[in-house]
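**Q** A single structure is presented below for examination.
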Amino acid sequence: MQNEQINELPTDNPPINQSSVNKIMYYCFDESGNYVGFLYADKQPENSTTNAPVKPYRDESGNPIEGITVGLNNPKWNGTDWIEQAVVSKEQQLAQLALQQAQFQANQQKMNSQLALQLATLTAKGA
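This is how it looks when you write it as structure tokens:
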């Protein structure tokens, strides 16, 4: 009975890691370089590369382990290679904008104080 089951399996299927028509895997990105997915194709589509968006896996000590890779977080194509973009939450973005605004206002206040001092100095000299 086992032989019957084996004989029923198709014999013309390629190995799992080989496509049936030898197509190539392409990793695609949008106009901004953001990763959008992959596809198998005979011909390379626009905005794609054969370089996988992965990085070496690192052990607990931070040493890379040869032959093992992991996917990048939020990959972006920079024209020659994939880079990993930091994902920033809206809360972090708002906090950063608030800090920039506070720094700008402090600089503006400092400049106003300097201008007021210069004006007072010039007024005193003219009097």
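At position 90 of the sequence shown the residue is numbered 78 (my numbering), and the sequence of numbers has no breaks.
Heads up, the beta-carbon is just placed ideally off N, CA and C, and yes, glycines get one too.
Since we're looking at a predicted model, the values are computed, not measured.
Over what stretch of residues does the beta strand (DSSP E) that includes Gly59 continue unbroken?
**A** 52 to 59
**Q** If I measure Cβ to Cβ from Glu72 and keep anything under 6 Å in the same chain, skipping five residues before and after, which residues do I get?
**A** Leu60, Asn61
**Q** From the DSSP output, in three-state form, read off Glu34 for me.
**A** coil
**Q** Any idea if Ser20 is buried or exposed, counting beta-carbon neighbours within 10 angstroms, 16 or more meaning buried?
**A** exposed
**Q** Any contact of the stretch 19 to 34 with the stretch 43 to 54, i.e. 3+ C-beta pairs under 8 Å?
**A** no
**Q** Leaving out five residues on either side along the sequence, give the residues of the same chain with a beta carbon under 8 Å from the beta carbon of Cys16.
**A** Excluding sequence neighbours, Cys16 sits near Tyr23, Val24, Gly25, Phe26, Leu27, Pro33, Asn35, Ser36.
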